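Undergrad:
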Amino acid sequence: MLNEPVVGDEFFDRTDLMKNLGLRSEQMLSGNRRNIGLIGLRKVGKTSIIWEFMRQNSHFVHNYIYIKEKPTKTMFRKILGSVLYACMEHFDVGTDQIWMTTDKNLKELAMRWVQVDPMIAKLSFEIRDAINEDAESEELLDLILGLIKKLSEYKETSNQKPLVLIFDEFQNFALWGDNILETLRENLMMQKNVWWIVAGSSISMMENIINASSSPLYGHFETIYVGPFEYSDARTYLTSTLDGILISETHLSYIIDITGGYPYYLASIGLKLCDIAQDWNVHDISKNALLEAIAQDVFYRSGNIYKHCHQLIVNSLEKKGLDTYLTILSAIALGNHRFSEIARYVEKPGSSLTYPLERLIASDLIVKNDKRYDLADPILALWLKHVYILREESYIPELELKLDVFKSQISQMIDDFKDELGHARESQIREIFTKKGYTVASGNIGKDEFDLIIDGDEGLILGEVKAGNVNTDQVYKLLDKVKRIKKVRAVGKVILFALFGSSEQAKRSCIENEIEIWDIEKVNNERKRLGLVRLKM
Numbered sequence: 278m279l280n281e282p283v284v285g286d287e288f289f290d291r292t293d294l295m296k297n298l299g300l301r302s303e304q305m306l307s308g309n310r311r312n313i314g315l316i317g318l319r320k321v322g323k324t325s326i327i328w329e330f331m332r333q334n335s336h337f338v339h340n341y342i343y344i345k346e347k348p349t350k351t352m353f354r355k356i357l358g359s360v361l362y363a364c365m366e367h368f369d370v371g372t373d374q375i376w377m378t379t380d381k382n383l384k385e386l387a388m389r390w391v392q393v394d395p396m397i398a399k400l401s402f403e404i405r406d407a408i409n410e411d412a413e414s415e416e417l418l419d420l421i422l423g424l425i426k427k428l429s430e431y432k433e434t435s436n437q438k439p440l441v442l443i444f445d446e447f448q449n450f451a452l453w454g455d456n457i458l459e460t461l462r463e464n465l466m467m468q469k470n471v472w473w474i475v476a477g478s479s480i481s482m483m484e485n486i487i488n489a490s491s492s493p494l495y496g497h498f499e500t501i502y503v504g505p506f507e508y509s510d511a512r513t514y515l516t517s518t519l520d521g522i523l524i525s526e527t528h529l530s531y532i533i534d535i536t537g538g539y540p541y542y543l544a545s546i547g548l549k550l551c552d553i554a555q556d557w558n559v560h561d562i563s564k565n566a567l568l569e570a571i572a573q574d575v576f577y578r579s580g581n582i583y584k585h586c587h588q589l590i591v592n593s594l595e596k597k598g599l600d601t602y603l604t605i606l607s608a609i610a611l612g613n614h615r616f617s618e619i620a621r622y623v624e625k626p627g628s629s630l631t632y633p634l635e636r637l638i639a640s641d642l643i644v645k646n647d648k649r650y651d652l653a654d655p656i657l658a659l660w661l662k663h664v665y666i667l668r669e670e671s672y673i674p675e676l677e678l679k680l681d682v683f684k685s686q687i688s689q690m691i692d693d694f695k696d697e698l699g700h701a702r703e704s705q706i707r708e709i710f711t712k713k714g715y716t717v718a719s720g721n722i723g724k725d726e727f728d729l730i731i732d733g734d735e736g737l738i739l740g741e742v743k744a745g746n747v748n749t750d751q752v753y754k755l756l757d758k759v760k761r762i763k764k765v766r767a768v769g770k771v772i773l774f775a776l777f778g779s780s781e782q783a784k785r786s787c788i789e790n791e792i793e794i795w796d797i798e799k800v801n802n803e804r805k806r807l808g809l810v811r812l813k814m
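This note's numbering numbers the first residue of the sequence shown as 278 and each following residue consecutively.
(1) How about A775 and D796: are their beta carbons less than 8 Å apart?
(2) In chain order, what residues of the same chain have a beta carbon less than 7 Å from the beta carbon of R707, not counting five sequence neighbours either side?
(3) Hey, would you say I326 sits closer than 8 Å to L318, going by beta carbons?
(4) Note the first and the last residue of the continuous alpha helix (DSSP H) segment covering K296.
(5) Taking the CB atoms as reference points, tell me whether I344 and F447 lie closer together than 8 Å.
(6) With a threshold of 8 Å between beta carbons, is P633 in contact with chain B?
(7) According to DSSP, what are the bridge partners of T500?
(8) Can you look up Y539 in the DSSP assignment and give me helix, strand or coil?
(9) When you compare each of A653, V800, Q751, V321 to I709 by their alpha carbons, which one comes out closest?
(10) Roughly how many angstroms separate the alpha carbons of Y602 and V623, rounded to a whole number?
(11) By the three-class DSSP mapping on this structure, what secondary structure does D286 have?
(12) Cβ atoms of V338 and V441: under 8 Å apart, would you say?
(13) Give the single residue among N312, S640, D290, K323 whose Cα lies nearest to the Cα of S479.
(14) Just the C-alpha distance for R301 and W473, rounded to the nearest angstrom, thanks.
(15) Contact defined as beta carbons within less than 8 Å: I believe L698 pairs with F683. What is the distance between those atoms, to the nearest angstrom?
(16) Please check the pair K844 and L417, which I expect to be a contact at CB under 8 Å, by giving their CB distance rounded to whole angstroms.
(17) Hey, quick one: how far does the beta strand (DSSP E) through F330 stretch, first residue to last?
(18) If Y514 sits next to D290, beta carbons under 8 Å apart, how far is it from one beta carbon to the other, in whole angstroms?
(19) If we count Cβ pairs, one from each stretch, closer than 8 Å, do we get three or more for the region 603-619 versus the region 567-586?
(20) Counting beta carbon pairs with one atom in the region 574-592 and one in the region 541-560, are three or more of them shorter than 8 Å?
(21) Can you tell me which of the three DSSP states V575 falls into?
(22) What number of angstroms, rounded off, separates the C-alpha of I522 from the C-alpha of I788?
(23) At which residues does the beta strand (DSSP E) containing N340 begin and terminate?
(24) In whole angstroms, give me the CA-to-CA distance for T292 and Y539.
(25) By DSSP, does N721 sit in helix, in strand, or in coil?
(26) Kindly indicate which three-state DSSP category N464 falls into: helix, strand or coil?
(27) Measure from the alpha carbon of V575 to the alpha carbon of each residue in E595, Q555, Y542, N558, then state which is nearest.
(28) So, for L494: in the same chain, excluding its five sequence neighbours on each side, which residues have a beta-carbon less than 8 Å away from its beta-carbon?
(29) With H, G and I counted as helix, E and B as strand and the rest as coil, what does DSSP make of I375?
(30) DSSP three-state label for N485, please.
(31) Ordered along the chain, which non-local residues of its own chain (more than five positions away) have a Cβ less than 6 Å from that of V503?
(32) Looking at the structure shown, is F774 part of a helix, part of a strand, or coil, going by DSSP?
(33) Note down the Cα distance separating G778 from I524, rounded to an integer number of angstroms.
(34) From L294 to C586, what distance separates their C-alpha atoms?
(35) Using three-state DSSP, classify E675 as helix, strand or coil.
(36) Give the DSSP-derived three-state secondary structure of L737 in the structure shown.
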């Protein structure tokens, strides 16, 4: 399922991060604890990282706890049951089928622990009584922390596996009251043999909780930031999701661009493309197929990305003033990035926008750099600009007509992206040779156009940049152009820049005809040698 953590063979990339966690795991086993705080936006893959870590590190007893925004007695009972269950596994006591968090099961787990060690009887009876008396959240939390403390004490006097306490959406603890973080700090400091790993998707709140000097938890966690995939990893992930279905490099790059490399969005659109390929009985993705996939996932209310974007806004913001928040978000999505521009679009005095803008920043929906406001999530920006405004605010009544407008807008985006991608890459290629001291140009020689033209001492250096997988036809077309140039000018070198790779036949044709072929690795090695930034495709 798309919303479930990805583990095992399905888990992808994150090599350096997992290696880092593995090193911290070894340090913990040797008695050197370094608690970890994973920080990253929603849908970036933090939960999958946690679950894959648990799968790879069976030498710990894992206790995974998801923290909800609003603490309830039911939630605390689930946490209590989770810790009790971990205790039973910790001491290799059979729990049979006791995994549902019912009052009966909680009491049975507590009483079984008494049988394991009579010294724990007092705490076990307290748990039983708390369940019988329908204890409040605060009392249940005390019992939970007491259980964890007891596990820490047992580890000091036994060879049992150490406990890893994992809190997902940890920032929600801060919403429970002023004293909760201080309580957690006290327990964390006492539990030297319990390893804490926390994760949170509210970057601003997590920073305030574990990295702000005023926080009780300051200095107790090493921060690891979790970002989206880099281009090469996103490309590999998406092509593996497509599982043999062919797609052009331009369309592949466009998907990566609009999703920002977030694995959830890549998987969602990739799986939708697989469905369409099957429904249409095709083996390669045309532009129409891509438009249909994006429409089904982003435009239709049944789409995974549509539902996610809608829930993201509703769950992040209070209902009071929601219209104002949405108008501000829409303003930014439409290109109004300065305070004055947003105020003009919203048609409200600037003084009334200070609080909602601060609230949107605190919710990690927008980011502020210098005096510029931007949406934090690229797919949310696309949804607001091309779906929400069109569906909710336009005067077009018919849904089908709105869908046609949406597809037309996305189609134009793809065309513009293709043009911009080509021009940007050409400029960055020319930058290499400019840095080497050449006078570099581009344009036409006669009727033939080249992306790179250098008038060298030993003749012209001609180059062509390809934003797609190069085949033999493209090599032969380049050869035809070069042959025409050679009739009037000396040509010293010809370079084909195959940034997205080339077929084996194309490589052989280049070698046979003395054409240099530069792939992305060759280009980036040259840029690195010259002190230039690597290309991120």
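Virtual Cβ for every residue (Gly too), placed ideally from N, Cα, C.
Note that this is a predicted model, so its numbers are computed, not measured.
TA: Working from what's here:
(1) Taking the first residue of the sequence shown as position 1, residue 775 is located at position 498. Taking the first residue of the sequence shown as position 1, residue 796 is located at position 519. Taking 8 Å as the Cβ cut-off, A775 and D796 qualify as a contacting pair.
(2) Taking the sequence shown and counting its residues from 1, one reaches residue 707 at position 430. So the list reads V717, S719, L729, once near-sequence residues are dropped.
(3) What you label residue 326 is simply residue 49 of the sequence shown in a count that begins at 1. What you label residue 318 is simply residue 41 of the sequence shown in a count that begins at 1. No.
(4) Looking up residue 296 in the sequence shown gives position 19. Here the alpha helix (DSSP H) through K296 covers 292-306.
(5) Stepping through the sequence shown from its first residue, residue 344 is reached at position 67. Stepping through the sequence shown from its first residue, residue 447 is reached at position 170. Yes, these two residues count as a Cβ contact at 8 Å.
(6) Among the chains in the structure shown there is no chain B, since it carries only a single protein chain.
(7) Counted from its first residue, the sequence shown places residue 500 at position 223. Answer is G314.
(8) Within the sequence shown, the letter at position 262 stands for residue 539. Correct three-state label for Y539: coil.
(9) Here residue 709 refers to the residue found at position 432 of the sequence shown. When only C-alpha atoms are compared, the closest one is V800.
(10) Position 325 of the sequence shown, counting from 1, holds the residue named residue 602. Position 346 of the sequence shown, counting from 1, holds the residue named residue 623. One C-alpha to the other measures close to 10 Å.
(11) One-based indexing of the sequence shown puts residue 286 at position 9. It is helical.
(12) Within the sequence shown, residue 441 is the residue found at index 164, counting from 1. Within the sequence shown, residue 338 is the residue found at index 61, counting from 1. Yes, they are a contact pair.
(13) Position 202 of the sequence shown, counting from 1, holds the residue named residue 479. Nearest of N312, S640, D290, K323 to S479, Cα basis: S640.
(14) As a first step, residue 301 is located in the sequence shown; it is residue number 24 there, counting from the start. As a first step, residue 473 is located in the sequence shown; it is residue number 196 there, counting from the start. Going by the C-alpha atoms only, they are around 11 Å apart.
(15) In the sequence shown, the residue the question calls residue 698 occupies position 421. In the sequence shown, the residue the question calls residue 683 occupies position 406. Wrong, their Cβ atoms sit about 22 Å apart, outside the cutoff.
(16) As displayed, the chain neither begins before 278 nor continues past 814, which places residue 844 out of reach and without an answer.
(17) Position 53 of the sequence shown holds residue 330. That residue, F330, is in no beta strand (DSSP E); its alpha helix (DSSP H) goes 323-333.
(18) The count along the sequence shown starts at 1 and reaches residue 514 at position 237. The count along the sequence shown starts at 1 and reaches residue 290 at position 13. Rounded, the Cβ-Cβ distance is 7 Å, consistent with contact.
(19) no
(20) yes
(21) The residue labelled residue 575 in the question sits at position 298 within the sequence shown. V575: helix per DSSP, three-state reduction.
(22) Against the sequence shown, residue 522 aligns to sequence position 245. Against the sequence shown, residue 788 aligns to sequence position 511. One C-alpha to the other measures close to 30 Å.
(23) Position 63 of the sequence shown, counted from the first residue, corresponds to residue 340. That run of the beta strand (DSSP E) goes 338-343.
(24) Here residue 292 is taken as the residue at index 15 of the sequence shown, counted from 1. Here residue 539 is taken as the residue at index 262 of the sequence shown, counted from 1. Rounded to whole angstroms, T292 to Y539 spans 16 Å at the Cα level.
(25) Counting from 1 along the sequence shown, the entry for residue 721 is found at position 444. In this structure, N721 counts as strand in the three-state DSSP scheme.
(26) Residue numbering aside, residue 464 sits at position 187 when the sequence shown is read from its first letter. Of the three classes helix, strand and coil, the one that applies to N464 here is helix, per DSSP.
(27) Taking the sequence shown and counting its residues from 1, one reaches residue 575 at position 298. With distances taken between Cα atoms, V575 lies closest to Y542.
(28) The residue you call residue 494 lines up with position 217 of the sequence shown. So the list reads L458, L461, R462, L465, I486, I487, once near-sequence residues are dropped.
(29) Taking the first residue of the sequence shown as 1, we reach residue 375 at position 98. Low per-residue confidence applies at I375: pLDDT is 47, beneath 50, and the placement is therefore not dependable, though the value from the model is reported in the following sentence. Residue state, collapsed to three classes: coil.
(30) Against the sequence shown, residue 485 aligns to sequence position 208. Reduced to three states, the DSSP call for N485 is helix.
(31) Taking the first residue of the sequence shown as position 1, residue 503 is located at position 226. Excluding sequence neighbours, V503 sits near L315, G317, V321, K323.
(32) On the sequence shown, residue 774 is found 497 positions in, with the first residue counted as 1. Here F774 sits in strand by DSSP.
(33) As a working mapping, residue 778 is identified with position 501 in the sequence shown. As a working mapping, residue 524 is identified with position 247 in the sequence shown. Rounded to whole angstroms, G778 to I524 spans 14 Å at the Cα level.
(34) As a first step, residue 294 must be located in the sequence shown, where it is residue number 17. As a first step, residue 586 must be located in the sequence shown, where it is residue number 309. If you take the alpha carbons of L294 and C586, they lie about 27 Å apart.
(35) On the sequence shown, position 398 is the one that residue 675 refers to. The answer is coil: DSSP assigns E675 none of H, G, I, E or B.
(36) As a working mapping, residue 737 is identified with position 460 in the sequence shown. In this structure, L737 counts as strand in the three-state DSSP scheme.
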